Each structure stands twice: as structure tokens, then as C-alpha cells.
């Protein structure tokens with residue numbers, strides 16, 4: 001019995017080790033590759049762009065690259081890069097998140113946004129309303145969101161980049177409506193957030209809450225998320241309402257210099273981001289419902305989908321992302337005040 | 346083998362008076378409540394997982410496993426379990442051996458520490474590793490300078506899983522070994538057996554079923570862990586996503602069938618574990634006696 005047991009134990013351990021080594025080697029075959037750390041709603045976009053870039057790079061250099069992608073809330077992804085997620089490039093929802101990587105880790109130089117055209121944004125988007133078919137609550141403009149009895153779905157600006165664009169778009173509308181009166185604007189934005197039954201952590205979470213779980217009357221969404229929801233769930237369930245005024249969202253891209261250099265991927269990283277501005281990528285961008293910076297490269301039908309909107313920008317209305325971030329979203333900022341008053345009510 | 350249950354056999358024929366005299370109505374009401382509760386909150390959701398996975402037929406279900414990212418997630422999950430479970434097996438054996446067979450100062454503190462992962466939220470467990478090994482963390486800069494990646498790579502995921510599954514084997518063995526005492530080992534030693542031989546021929550056969558039970562639970566948790574792994578994973582597709590993380594990603598990409606197909610894999614694993622566990626309890630109830638007393 002004892003020898004038998006010993007033998008069996010030995011065999012078991014040996015077998016386990018062999019299996020382990022096979023697993024480990026199968027795993028390490030992936031090797032050193034190229035990582036794009038992006039935000040939540042770009043999953044489908046980069047799934048389409050990456051193969052196009054791989055083919056392009058192969059044609060130009062003969063090298064085969066493997067592109068890895070990581071998606072999550074924009075703020076959370078920036079945090080991960082700061083903590084050591086080995087991104088060669090970041091493609092995030094807003095400049096403030098890349099600024100956070102600059103100040104907290106120093107892996108990107110401070111002048112990053114000047115390195116590429118259009119504030120380093122190869123595509124733009126905006127915030128629109130997604131409502132249930134037939135628009136039963138007759139939602140046309142930002143005013144309608146503040147009315148009692150309208151349930152508004154939007155993610156939490158503390159964790160979601162898209163949510164911050166939502167908030168600033170509402171704030172910009174309020175400023176215009178009340179001729180720059182900040183107190184009235186704050187009451188207006190507060191009324192909108194009072195209508196929000198849940199605040200998900202990310203833009204995609206809010207879309208699922210609205211579209212799949214059927215909560216709320218209107219979803220404040222990235223334009224690309226709204227179109228994607230129509231495509232996924234059918235145009236017979238929802239419709240897009242474009243408000244006359246909204247915000248121009250510029251999701252920026254940057255090479256993470258320290259990581260790309262350490263991995264020997266500098267050239268690849270630069271080429272990848274340059275590729276985003278190229279005609280084939282711009283066409284893919286439009287097809288995935290982002291507004292390309294070069295509409296002339298995109299298919300006409302894709303461009304036609306984008307309604308004309310009167311845009312405000314973060315730079316002009318809020319004095320840039322750093323200022324907006326500090327005033328509205330930092331601890332003790334205006335969003336915190338709005339939420340606190342909500343709670344003590 | 347002789348482990349035939351003795352106690353219940355006599356009771357059956359004899360007329361016994363239950364200690365409590367609840368009316369039949371109350372008894373049935375309680376039973377129905379318990380069954381309904383289980384059906385509503387356990388069985389129905391589990392059934393829905395299967396319904397969703399097969400909602401578009403068998404082909405899309407199988408196609409979900411043809412995806413390289415899904416296969417990578419399955420491979421990674423197996424790898425993590427294959428590393429974390431043996432680590433905790435060795436640790437659990439060592440810890441329960443020392444606690445059950447020796448007395449030393451600080452023993453109760455060790456027992457409390459072993460229970461720590463049960464009481465700490467998995468998210469905290471993940472964050473702790475980020476704080477220690479992350480770029481801004483204690484060892485982060487040194488590790489980065491030497492080209493070692495722990496967080497957002499496989500080692501971090503394995504560490505977080507080990508942390509979360511720490512207590513399973515030890516918690517199973519400690520009461521069992523305490524109950525068995527050290528008489529048999531002492532006998533073996535006086536007869537001239539070496540320490541290792543004593544362990545293999547006396548201790549191990551005594552605890553093998555309890556050990557297997559602990560390993561099963563440990564393995565189920567290691568494969569199913571979400572929170573701690575999510576914090577340290579970095580969510581790189583095809584590289585650092587385990588099955589639970591992949592399920593979340595697929596769900597968020599409106600890919601319900603694939604998400605639930607992978608969920609079926611996890612649920613299937615849980616059911617197999619449950620089956621094995623029930624079998625062990627039924628077949629080797631006496632060898633698991635330490636457990637019974639504890640519950």
C-alpha cells in the first residue's frame with residue numbers, strides 16, 4: 001500500500017508538472033507584442049482597425065505584429081497605466097486622463113497633445129440622446145431632461161469619461177440658456193441628475209442598463225454608442241434624438257513613450273497612431289459611427305448619418321480639461337456639491 | 346473498508362418522539378418556503394444561464410469556444426488554477442500540520458491569519474497587490490527596472506488567486522487533524538519510520554478525503570474568482586483575461602450567447618465540484634468527521 005501510494009503520488013506530481021509546463025509554454029508563445037489601452041466604447045472600432053493596420057504594416061515592413069487591446073472606463077484605464085499596465089499607446093476618452101498619466105507617472109511628456117494633428121484626436125464624437133421608439137416623453141432638447149418624471153440614464157462622472165462629456169454638455173447648454181449665470185446653471189444640471197435613477201461606472205454599463213434592462217426614458221450617450229445600440233438592438237426599439245446644441249468630444253491618442261521605448265516599439269507605436277489619420281482608417285472610423293477628422297476619406301453614406309450640431313468645446317467654454325476637471329469633478333468640486341445636496345434632501 | 350454508518354439504522358424502526366413538536370402545517374410551510382427560495386434565487390438563475398447559452402441553438406454555442414480570446418481565457422484559467430491550487434495544497438498541509446500537531450506561541454494568531462482572506466473583500470486583496478507591486482507601489486520601481494512584470498500579467502493574477510483561495514485547504518484539514526491527534530504518528534516514529542515515511546503512510550491516508558475536499562473547493566474558487574483578478578488583470582484580450590473576466594467582456598459587447606456559453610462552462614465546473622463534494626460526503630462521511638463537527 002505504502003509503496004504503491006508513493007508511486008502514485010510521484011506519478012501524479014510528475015504528470016501535473018508536465019501539464020503545467022505545457023500550459024506555461026503555450027502561454028508564453030504570445031511573446032512581446034503591442035498593447036493599445038483604450039476606453040470602453042471603442043471595442044468595436046479597434047477590433048476593425050487593428051487587422052487593417054496589421055495588413056498595412058506587413059505590406060510596408062514585412063513584419064507581422066500582434067496587437068493587443070484592453071478596454072475599460074477611461075479613468076480606470078489611465079490608473080492602470082500609471083500603476084504599470086504596459087501600454088505602448090493609449091487611446092482614451094479625454095485629455096484629462098492622459099494628463100493624469102503625465103503627472104503621476106511621467107511616462108508621457110507634457111506636450112503630448114501637440115504631437116499630432118487636431119489636438120491628437122483622429123476622430124471626434126458628441127453627446128446625443130437615445131430614447132425609446134416613438135419618443136413617448138417627447139424629449140427634444142436639454143430642457144426636457146430636467147423635467148419632473150423623466151428618468152435619465154447617464155454614467156458616473158467620477159469614473160466615466162463619457163459621463164464627464166455628458167455633464168459638461170448639459171452645463172454648456174445651461175450657461176447659454178441663462179446667459180452665463182452659474183448658479184442657475186448649477187440648479188439646472190442638478191435637476192437633470194435628480195432625474196438619474198442609477199449612475200453606472202462606465203458608458204457601456206449605462207447603455208446596457210437602458211437598452212437591455214429597459215430602465216429609464218432617455219440615455220445620454222456617445223453618438224457612436226447610440227448608433228451601435230440601434231445596430232445591436234434594432235431600429236424598431238430606439239431612436240436617436242440630436243439636440244440642437246451639444247459638446248464636441250475629442251478622444252485623444254498618445255504614445256506612452258517610456259513603455260514603447262523600453263519594449264522597442266517606438267516606430268510601431270508612432271506608425272499605429274499615424275495610421276488612425278490615414279484614408280482607410282478614417283473610413284473605418286466613420287463606419288463605426290465616430291466622426292472622422294477627414295470626412296473626405298469616408299463613405300458618403302456613413303457621413304450622412306451625422307446630424308449638424310452647434311458645438312461647444314471644452315477649450316472655449318471651460319478653459320481646457322485641466323480647469324474643467326478641477327472645478328467640476330475633483331473632490332469637493334461642483335459635481336460633489338450637486339450630489340451632496342441630493343443626499344441631504 | 347468498514348465505514349458503514351451505524352447510528353441512523355436503529356432509529357428507523359423505533360417509534361421516536363421528535364424533540365420539537367411543530368404542527369405539520371408549520372413544517373410544510375417551512376419546507377415549502379425553503380424550496381421556493383432555493384428555486385427562485387438559485388435554480389432559476391442557473392437555468393437561465395443555460396437557456397441563454399443555447400437560445401440560438403447549438404452551433405452558436407459551440408462557436409463561442411472557437412474564438413482565440415475565449416480559448417486563451419480558458420487556458421489562462423487552467424494555468425492559474427494549476428499554480429494556485431498546488432501552492433495552497435502545500436501551504437494548507439504545512440499550516441494544518443503545525444497547528445494540529447504542535448503547540449507554539451502565536452498559534453491562535455496564525456489561525457486567525459489563515460481566515461483573513463475569507464473576511465477581506467477580494468477587491469481589497471487585488472488592490473493590496475497593486476499597492477505592493479504596482480508602478481507607484483513599494484517594489485514597483487525596482488521590479489520595473491529589472492524588467493519584471495507582476496501586476497497586469499499572469500504572476501499578479503496567480504498571486505491574487507492564491508490570496509483569495511488561501512484558507513480552503515487549511516480550514517478543511519485543521520479540525521480533521523486536531524480530531525485525529527498525533528497518537529498514530531508517534532507510534533510510527535517509535536517503530537522507526539522516518540518523518541517523511543510517517544507522513545506518507547500514516548498522516549496522508551488519514552486525511553486524504555478531507556484534503557481532496559479542500560482541494561475541490563479551492564479549485565472551484567480559483568477558477569471562478571472575479572473581483573481580485575479583475576483589479577490586477579489589466580484586461581488585455583487574449584492574454585490576461587480569465588474566464589470570468591471574459592464573460593463580463595462578452596456580455597458588455599452584446600454577445601450574450603458567447604458570454605453565457607462561457608458561463609455554462611463555469612457553471613458546469615461548479616456542478617461537477619458539487620457532485621464530487623456530495624459523493625465524498627456520502628461515501629466518506631466518517632473521514633470528513635472533523636468537518637461535520639464544525640458546521
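Residue numbers (this note's numbering), protein chains in the order written: chain A, 1 to 345; chain B, 346 to 640. Positions of the beta carbon are idealized from the N, C-alpha and C atoms, including for glycine. As the structure is a prediction and not an experimental result, all values here were calculated from the model.
- Of the other Cβ atoms in all chains shown, fewer than 16 fall within 10 Å of the Cβ of residue 487 of chain B; this residue is therefore exposed.
- Out of A:210, A:116, A:276, the CA that lies nearest to the CA of residue 151 of chain A is found in A:210.
- Listed in chain order, the alpha helix (DSSP H) elements of length 4 or more contained wholly in the segment 472–536 of chain B are 485–490, 499–510, 512–525, 528–535.
- Unbroken alpha helix (DSSP H) runs of no fewer than 4 residues, entirely contained in the segment 35–118 of chain A, are found at 43–61, 74–82, 95–105, following chain order.
- Exclusion of the five residues before and after residue 434 of chain B leaves 514, 560 as the residues of its chain whose Cβ lies within less than 7 Å of its Cβ.
- If you look at residue 225 of chain A, you'll find it in the alpha helix (DSSP H) that goes 223–233.
- In the three-state DSSP reduction, residue 192 of chain A falls in the helix class (H, G or I).
- Residue environment for residue 296 of chain A: exposed (fewer than 16 other C-beta atoms within 10 angstroms of its C-beta).
- For residue 45 of chain A, no Cβ of chain B is located within less than 7 Å of the residue's own Cβ.
- For residue 588 of chain B, the enclosing alpha helix (DSSP H) covers residues 588–597.
- The Cβ of residue 232 of chain A sits closer than 7 Å to at least one Cβ of chain B.
- In this structure, DSSP gives residue 385 of chain B a helical state, which the three-state scheme calls helix.
- Under the Cβ distance rule, residue 80 of chain A counts among the residues neighbouring chain B, one pair being separated by less than 7 Å.
- Less than 7 Å divides the Cβ of residue 474 of chain B from the Cβ of residue 505 of chain B.
- Contact between the segment 136–156 of chain A and the segment 293–308 of chain A is not established, with fewer than three Cβ pairs separated by less than 8 Å.
- For residue 475 of chain B, a Cβ of chain A is located within less than 7 Å of the residue's own Cβ.
- Membership of residue 276 of chain A in any beta strand (DSSP E) is not indicated, and neither H nor E is assigned to it by DSSP.
- If the five residues before and after residue 609 of chain B are omitted, its C-beta is found closer than 7 Å to the C-beta atoms of 394, 395, 398, all from its own chain and listed in chain order.
- Judged by DSSP in its simplified three-state form, residue 132 of chain A adopts strand.
- In this structure, the straight-line span from the alpha carbon of residue 456 of chain B to that of residue 562 of chain B is close to 19 Å.
- Less than 7 Å divides the Cβ of residue 112 of chain A from the Cβ of residue 254 of chain A.
- For residue 624 of chain B, the enclosing alpha helix (DSSP H) starts and ends at 601–628.
- For residue 334 of chain A, the three-state secondary structure derived from DSSP is helix.
- Collapsing the DSSP output to three states places residue 182 of chain A in a helix.
- Close to chain B, meaning a Cβ-Cβ distance shorter than 8 Å, are the following residues of the segment 62–76 of chain A: 68, 69, 70, 71, 72.
- No Cβ of chain A is located within less than 7 Å of the beta carbon of residue 559 of chain B.
- In chain order, 497, 579 make up the part of chain B whose C-beta sits under 7 Å from the C-beta of residue 85 of chain A.
- Taking C-beta atoms under 8 Å as the contact rule, residue 73 of chain A and residue 206 of chain A fail to qualify, at a distance of about 11 Å.
- For residue 584 of chain B, at least one C-beta of chain A is nearer than 7 Å to its own C-beta.
- Separation of the CB atoms of residue 164 of chain A and residue 94 of chain A is rounded to 6 Å, and the pair is thereby assigned contact status at 8 Å.
- Boundaries for residue 547 of chain B: no alpha helix (DSSP H) harbours it, and the DSSP string shows neither H nor E there.
- Under a 10 Å Cβ-count criterion, residue 63 of chain A is classified as exposed, with fewer than 16 other Cβ atoms of the shown protein chains found around its own Cβ.
- Closer than 8 Å at the C-beta level to chain B, one finds these residues of the segment 175–208 of chain A: 204, 205, 208.
- Per DSSP, reduced to three states, the secondary structure at residue 329 of chain A is helical.
- The beta-carbon of residue 397 of chain B is placed no less than 7 Å from the nearest beta-carbon of chain A.
- For residue 248 of chain A, the enclosing beta strand (DSSP E) begins and ends at 245–249.
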